[in-house]
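**Q** Using UniProt numbering, the first residue of the sequence shown is number 1, and each one after it goes up by one.
Cβ atoms here follow ideal geometry from the backbone N, Cα and C, with glycine treated the same way.
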Amino acid sequence: MANHKSALKRHRQSLKARERNRMMKTRVKNATKALHAAIASNDNEAVANALKNVTSILDKAASKKIVHWRTAARKISRLSVASNKI
């Protein structure tokens with residue numbers, strides 16, 4: 001464990017950031033699962049709402065650099081294609 005005041009503060013900050021990042025990644029996963037469930041149920045309205053929600057969450061995660069912006073764009077694209085098939 002670090003002894004310098006600045007290193008202790010940096011450690012505290014990294015723990016907070018880690019928790020925020022984990023929370024956001026979990027939100028992305030849960031929203032994606034909800035979209036897949038809506039696609040499986042063939043409910044167009046639910047799919048549209050879920051896709052809008054996933055897109056928003058992924059864009060927010062990309063803007064905060066929790067996921068890479070190209071990864072977010074790829075996931076949004078693939079989810080859109082999957083939702084448009086029904």
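What does the alpha-carbon distance come out to for the pair His68 and Asp43?
**A** Residue numbering aside, residue 68 sits at position 68 when the sequence shown is read from its first letter. Residue numbering aside, residue 43 sits at position 43 when the sequence shown is read from its first letter. Cα to Cα, the separation comes out at about 30 Å.
**Q** For the structure I just gave you, are there three or more beta carbon pairs, one from the region 16 to 32 and one from the region 62 to 76, closer than 8 Å?
**A** Touching, yes.
**Q** Given that a residue counts as buried once 16 or more other Cβ atoms are within 10 Å of its Cβ, and exposed if not, what is Val81?
**A** Within the sequence shown, the letter at position 81 stands for residue 81. The residue in question, Val81, is exposed, as its Cβ has fewer than 16 Cβ neighbours within 10 Å.
**Q** Can you name, in chain order, every residue of its own chain whose Cβ lies under 7 Å from the Cβ of Thr55, other than the five neighbours on each side?
**A** Residue mapping note: residue 55 aligns to position 55 of the sequence shown, counting from 1. Excluding sequence neighbours, Thr55 sits near Ile76.
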